[in-house]
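Report on the following structure.
Residue numbers (my numbering): 2 to 65.
Listed below in structure tokens is the structure:
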């Protein structure tokens, strides 16, 4: 999970929620698992099944 990675490093972490056969409500469970982090554990979250937006966000973080 992206939250576990974010809790143990100082670099930006981008989570991409994915749908699977066992997903609830079209990936809502994955989205909430990424978005509901405690204070001090920042995780960026993009749209469900949208790795392209994660790449765009990573490029913007890097200033490209």
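Every residue gets a Cβ at the ideal spot worked out from N, C-alpha and C, and that includes glycine.
query, result
"Run through the DSSP bridge pairs and tell me what residue 46 is partnered with.", "16"
"Using only CA atoms, which one of 50, 65 and 15 lies nearest to residue 24?", "50"
"Among the residues of its own chain, which have a CB less than 6 Å from the CB of residue 16, if the five just before and after it don't count?", "3, 35, 44 and 46"
"Give the DSSP-derived three-state secondary structure of residue 25 in the structure shown.", "coil"
"Determine, using beta carbons only, whether residue 13 and residue 48 come nearer to each other than 9 Å.", "no"
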